[in-house]
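First up is the structure itself, then whatever we jot down about it.
2 protein chains.
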Amino acid sequence: MKKKLLVVGTLAYDSIETPYSKVSKILGGASTYIALAASKFSIDCALVSVIGKDFKKEYIYLLKLNKINCDGVELIKNDKTFFWSGKYHQNMNSRTTIKTELNVLENFVPKIPKNYINSELIMIGNLHPKVQLETLNQSINKKKFVILDTMNIWIENFRDILEKVISESNLISVNDEEARLLTDEYSLFEAAIKILKMGPKYVIIKKGEHGSILFSKNKLFVIPAFPVKKVVDPTGAGDSFAGGIAGYLTNHKINFENIKNAIVYGTIFSSFTVESFGIDSLEKITKNDIFERLKEFKNLTSFKLDLNKYKL
Amino acid sequence: MKKKLLVVGTLAYDSIETPYSKVSKILGGASTYIALAASKFSIDCALVSVIGKDFKKEYIYLLKLNKINCDGVELIKNDKTFFWSGKYHQNMNSRTTIKTELNVLENFVPKIPKNYINSELIMIGNLHPKVQLETLNQSINKKKFVILDTMNIWIENFRDILEKVISESNLISVNDEEARLLTDEYSLFEAAIKILKMGPKYVIIKKGEHGSILFSKNKLFVIPAFPVKKVVDPTGAGDSFAGGIAGYLTNHKINFENIKNAIVYGTIFSSFTVESFGIDSLEKITKNDIFERLKEFKNLTSFKLDLNKYKL
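First to last, the sequence lines map onto chains A and B.
Residue numbers for the first sequence follow numbering that gives the first Met the number 0, beginning at 0 and rising by one.
Residue numbers for the second sequence follow numbering that gives the first Met the number 0, beginning at 0 and rising by one.
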């Protein structure tokens, strides 16, 4: 039987502007990217989220076609889907949020479908920490592995409840700014040490186009991003990254070495995501596309320097 | 017979302020770092530079003790040594120059000692492009490999002569900002493509704490920086990096694979350099220190993902 991954996060409409182009009201949301990336693996993936009356049926079909169980996606008929719009600056590494309309998210209470309360792995996307905590409370699998994402507004305004969620998580994936905000440490090393003390056994600090770093108590792994020739839209890169990690870890033994492998997949998935607006590229890629890019990435980043023949 | 590396660049006094500490009038200058890094390899390294009456004799002894030939270091008795002072911002990745006193550099005309006009490799540090060009004109080795560094003021104010120097170089090592300034391209890919068209067969773009990227016409290599726990002083990091590359390539066949290896050494040397003020750490490190860090770096950056057993 396939192992189960439960994904909790937003489904959204996004309007995005970059220095080169813009799009209006396309399919977005953290859980969209997470679930699509995770579902590239041979696992049983379910989505818990909420949508409004304006959410297109075809998007639910798209998720289902990718073998994502959508029983936990609640439709609120008298409200609208969560909407986000943002504008990327020239470096594509930073952005300004133009508008956030919470809509159905405002009163969202996640409900894990019965079949998934025993999921081996739970990936909790960026959401209000009270929703994240409620998800954890509904799970009955005491050995579950929990992967967490969060962002600045929750760190700044709901620290107590967020710290409770962090303490119950096994792996947290945040970007450099969030790690600094969470710990009040500028050095990413010091920040990671503090986060590890908050509960998680593993911390991943994402640095956008500069790659990411995995920390555990005694080990470290540093990896560059896949060098994408033309970044079209960075939206969802971090979620595709986390989704790749969650998907890989759902059907592999969880240890440092496999989290490294998982991060390689996450890195590859996010590189596809940024090459198009929204999920276009992520959804389309085949097993062969992924394999080819993995090979290319391994080739681009490895060196043969033979330490057994070491001489200066 | 050992192969010859000729290093041309500044010897200087530096006053440096970081968010945590400061030092006054310590030994600095691009060629100091370049030559010290390069001299870790079993090569015949010579330095061409200029100093004033205030330059301490012990610093020349220090260079000579590291087997750096100093016959080409000219002493100008009625002037002072080049002086630079700067202040690093909190991220340690950017800095403000507080003062630059050219002094002996103002009228510097490099003179390559006779024994070194046939050097196999020439590393031209960041200097006025007319000095860089004069160095190339004195070399008689038609098969020499030329590594070049430069900076914003030369790019902005002496572009014509700088372009001539670039056209005669084989490898250029610049940081991301310099690459963008030189090419008017924001994307590092586009920038590298333009620089390759200017002459060099290889372009390295340095990204400070985020590592570096090597470009040739058809190949790419991406490498993170060695993750240094506590950066004390970034001064000389780029020069130690270039010096490591120059040193390695002096006694290895020059091809893409060996330039990758050379960059690994450069990365390791610069990681030592930033752990102390000035050359303290770079000068002290032993063969064993380097070997241990190389092993650690390989371990920190490699993943075992077995592509032969690829399955999703």
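Even glycine gets a Cβ: it sits at the ideal position worked out from N, Cα and C.
In the DSSP assignment, Leu311/A falls outside any beta strand (DSSP E), carrying neither H nor E. Considering only beta carbons, the part of the region 247-259 of chain A lying closer than 8 angstroms to chain B consists of Glu256, Lys259, in chain order.
Per DSSP, Val22/B is one residue of the beta strand (DSSP E) stretching across 21-27. When CB distances to chain A are screened at a threshold of 7 angstroms, the residues of the region 12-43 of chain B falling below it are Lys39, Phe40, Ser41, in chain order. The DSSP-derived three-state label of Asp232/B is coil. Where Gly85/B is concerned, the enclosing beta strand (DSSP E) starts and stops at 82-87. Residues of the region 275-306 of chain A whose Cβ lies closer than 8 angstroms to any Cβ of chain B, in chain order: Lys286, Ile289, Phe290, Leu293, Lys294, Lys297, Leu299, Thr300, Ser301, Phe302, Lys303, Leu304, Leu306. The beta carbon of Ser215/A is closer than 7 angstroms to those of Lys200, Tyr201, Phe255 in its chain, skipping five residues each way along the sequence. For Leu219/A, the pairing in a beta bridge is given by DSSP as Phe214/A. Judged by DSSP secondary structure, Asn156/A falls within the alpha helix (DSSP H) whose first and last residues are 151-156. Around Gln89/B, the beta-carbon contacts reaching into chain A at under 7 angstroms are Tyr185. Residues are counted here when their Cβ sits less than 8 angstroms from a Cβ of chain B; for the region 127-147 of chain A the count is zero. Thr80/A and Ser48/A have their alpha carbons spaced roughly 11 angstroms apart. What Val221/B touches in chain A, judged by beta-carbon distance under 9 angstroms, is Gly210, Pro223, Ala224, Phe225, Pro226, Phe296, Leu299, Thr300, going in chain order. Cβ-Cβ distances below 6 angstroms link Lys206/A to Asp175 in the same chain, with the five nearest sequence neighbours on each side left out; the list follows chain order.
Looking only at Val22/A, Lys2/A, Ile75/A, the smallest Cα-Cα distance to Leu10/A is reached by Ile75/A. Under the 7 angstroms criterion on CB atoms, Val103/B is classed as non-interfacial with respect to chain A.
By the neighbour-count criterion, in which a residue is buried when 16 or more other Cβ atoms sit within 10 angstroms of its Cβ, Val273/B is buried.
Following the DSSP letters along the chain, one finds Tyr58/A inside the alpha helix (DSSP H) bounded by residues 56-64. Gln131/A is positioned such that its CB atom lies no closer than 7 angstroms to that of Ile111/A. Tyr264/A: member of the alpha helix (DSSP H) spanning 255-272, first to last residue.
Minimum Cα-Cα distance from Leu147/B among the listed residues Ser275/B, Ala245/B, Ser41/B, Ser84/B corresponds to Ala245/B.
Counting the other Cβ atoms within 10 Å of the Cβ of Ser166/A gives fewer than 16, which makes it exposed.
Residues of the region 154-188 of chain A with a C-beta less than 9 angstroms from any C-beta of chain B: Tyr185, Ser186, Leu187, Phe188, listed in chain order. One alpha carbon belongs to Met197/B, the other to Gly210/A, and they sit about 29 angstroms apart. Taking 7 angstroms as the CB threshold, Leu311/B lines the interface with chain A. Residue-level contact check: Val273/A does not touch chain B, since none of the beta carbons of chain B fall below 7 angstroms from its beta carbon. Nearest C-alpha to Gly71/A among Asn298/A, Lys24/A, Ile59/A, Asn169/A: Ile59/A. If the five residues before and after Met91/B are omitted, its C-beta is found closer than 6 angstroms to the C-beta atoms of Val230, Pro233, all from its own chain and listed in chain order. Excluding the 5 residues flanking it on each side, Val108/B has same chain C-beta neighbours closer than 7 angstroms at Glu133, in chain order. Ser84/B counts as buried, since at least 16 other C-beta atoms from the protein chains shown sit within 10 angstroms of its C-beta.
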